[in-house]
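Take numbering that gives the first Met the number 0: the last position of the sequence shown gets the number 335, and nothing is skipped along the way.
Note that beta-carbon positions come from the ideal geometry of N, C-alpha and C, so glycine has one too.
Since the structure is predicted, the reported quantities are computational estimates derived from the model, not experimental observations.
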Amino acid sequence: MPLIIPQKYRRKLLPETTEVAIKMIKDAFQSTLAQELNLRRVTAPLFLLSGTGLNDDLNGVEHAVTFTIDAMNSQKAEVVHKLGAYGIPAGYGLYTDMNAIRTFEDLDNLHSLYVDQWDWEKTIRQEDRNIKYLKDTVNKIYAAIRKVEHLVYERFPHITPTLPEEITFLYADELARDYPELSPKERETVMAKKYGAIFIIGIGGDLCDGKPHDGRAPDYDDWSTINEAGYAGLNGDIIVWNHVLDIPVELSSMGIRVSPESLTRQLEMRGCPEKAQLTFHRMLLEGELPYTIGGGIGQSRLCMLLLHKAHVGEVQASIWPEEHIMDCAAAGIELL
């Protein structure tokens, strides 16, 4: 996506006040999320040993930043993309602050080399692996987002709320059928603009047009199990309409995680059955790990949305091309 410069953009907070607002949002949201989903905070590693299968592949094509460890016979390690947590009773879970470096990103208003998000994972029962449980969880997350949006309004009355009262649930397969002339991203744009906040269900598997709505690694969310609506997928994305940039913004990718059955099926579908021998995959297939639901929620994107910022660099410190910085400065967009 090319850099977007909104016409007549005016920042609503000075940089020093923005820093105060960022802390307020992060403190309030993680507390509210933990309460809504019965989560407790844990510390996550910044890097892992390579070859364990614990670091997920995101869309299945990205590459982690790797390095060797001199004190461990030059073993390879990699910066975490995202790490799930397991081993606690059903109905309860964990969340953590996840920080990562993604060298493969194309830098723009929404994408940075630096990634900060809340990753969360919650243990569920086998009978909870259904659309109703997924929707209930999404509604709780969305309620937390709106609660913090109103908290921002109480503290800064000139930043008025823009999110709708409810989030609308849509199926990727149904969108592909109803809008065959549009690409997946174009469908997201049409629906997000129409409803303000949407959750698209079923991302990763091939749709009725023979193409996936978007990529998902085969050992991550369950995108192949047929749900109660008759479509494949127990996962999805929370997408909201950004009124400053006039584009849809994905705030969260989440879903019910793979079961032993869906993991085996998805590894076969993606032509990588050999991954079943990796540590994480083997533990899951042998029943050593519980059923879970989880996801990631972008911290900077949430702050950017709720503070009506035009660029993610206004709410996080990162590295940007010099031309990028100059274009933003000329438009009154001050990058940290």
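| message | Excluding the 5 residues flanking residue 276 on each side, which residues of the same chain have their C-beta closer than 6 Å to its C-beta? | response | As a first step, residue 276 is located in the sequence shown; it is residue number 277 there, counting from the start. Same-chain partners within the cutoff: there are none.
| query | What is the residue span of the beta strand (DSSP E) that residue 114 lies within? | reply | By 1-based counting over the sequence shown, the position of residue 114 is 115. It spans 113-123 - the beta strand (DSSP E) in which residue 114 sits, taken as one unbroken run.
| Alpha carbon to alpha carbon, what distance is there between residue 115 and residue 102? | Numbered from 1 along the sequence shown, position 103 holds the residue referred to as residue 102. Numbered from 1 along the sequence shown, position 116 holds the residue referred to as residue 115. Looking at the two C-alpha atoms, the distance is approximately 14 Å.
| said: Please state whether the Cβ-Cβ distance between residue 5 and residue 309 is less than 7 Å. | reply: If you number the sequence shown from 1, residue 5 lands on position 6. If you number the sequence shown from 1, residue 309 lands on position 310. For residue 5 and residue 309, yes; Cβs fall inside 7 Å.
| message | At the level of alpha carbons, what is the spacing between residue 153 and residue 144? | response | Taking the sequence shown and counting its residues from 1, one reaches residue 153 at position 154. Taking the sequence shown and counting its residues from 1, one reaches residue 144 at position 145. Rounded to the nearest angstrom, the gap between the Cα atoms of residue 153 and residue 144 is 14 Å.
| request: Between the Cα of residue 295 and those of 95, 325, 213, 104, spot the shortest distance and give me the residue it belongs to. | output: Translated into positions along the sequence shown, residue 295 becomes position 296. With distances taken between Cα atoms, residue 295 lies closest to 95.
| request: For residue 327, count neighbouring Cβ atoms within 10 angstroms of its own Cβ and tell me buried if that reaches 16, exposed if not. | output: Counting from 1 along the sequence shown, the entry for residue 327 is found at position 328. Residue 327 is buried by the Cβ-count criterion.
| task | Return the first residue and the last residue of the beta strand (DSSP E) that residue 164 is part of. | result | Sequence index remark: in the sequence shown, residue 164 carries index 165 (1-based). Careful: residue 164 lies outside any beta strand (DSSP E) and carries neither H nor E.
| Using the C-alpha atoms, what's the distance from residue 35 back to residue 158? | Numbered from its first residue, the sequence shown carries residue 158 at position 159. Numbered from its first residue, the sequence shown carries residue 35 at position 36. When rounded, the distance between both Cα atoms is 25 Å.
| request: Measure the C-alpha to C-alpha separation of residue 57 and residue 168 and round it to an integer number of angstroms. | output: Here residue 57 refers to the residue found at position 58 of the sequence shown. Here residue 168 refers to the residue found at position 169 of the sequence shown. Summary for residue 57: the model assigns pLDDT 49, below 50, so the residue's position carries little reliability, and this model does not support an answer.
| task | Starting from the Cα of residue 87, find the closest Cα among 288, 274, 16 and give me that residue. | result | The residue given as residue 87 occupies position 88 in the sequence shown. Among 288, 274, 16, the Cα nearest to that of residue 87 is on 288.
| request: For residue 291, name the three-state secondary structure that DSSP assigns. | output: Within the sequence shown, numbered from 1, the residue matching residue 291 stands at position 292. Correct three-state label for residue 291: strand.
| request: Just tell me which of 0, 42, 9 has its CA closest to the CA of residue 98. | output: Position 99 of the sequence shown, counting from 1, holds the residue named residue 98. Taking only the C-alpha atoms, the option nearest residue 98 is 42.
| said: With the cut-off set at 7 Å, would you say residue 170 and residue 200 are in Cβ contact? | reply: Residue 170 sits at position 171 when you count from the first residue of the sequence shown. Residue 200 sits at position 201 when you count from the first residue of the sequence shown. The answer is yes: Cβ separation under 7 Å.
| field | beta strand (DSSP E) segments (min. 3 residues) lying fully within the region 254-311 | value | 290-297
| DSSP three-state assignment for residue 321, whether helix, strand or coil | Within the sequence shown, the letter at position 322 stands for residue 321. In the structure shown, residue 321 sits in a helix (DSSP, three-state: H, G or I).
| According to the neighbour-count rule (16 or more other Cβ atoms, all chains shown, within 10 Å of its Cβ), is residue 66 buried or exposed? | Here the question's residue 66 lines up with position 67 in the sequence shown. Reliability of the predicted coordinates at residue 66 is poor, the pLDDT of 44 falling under 50, and no value is obtained from them.
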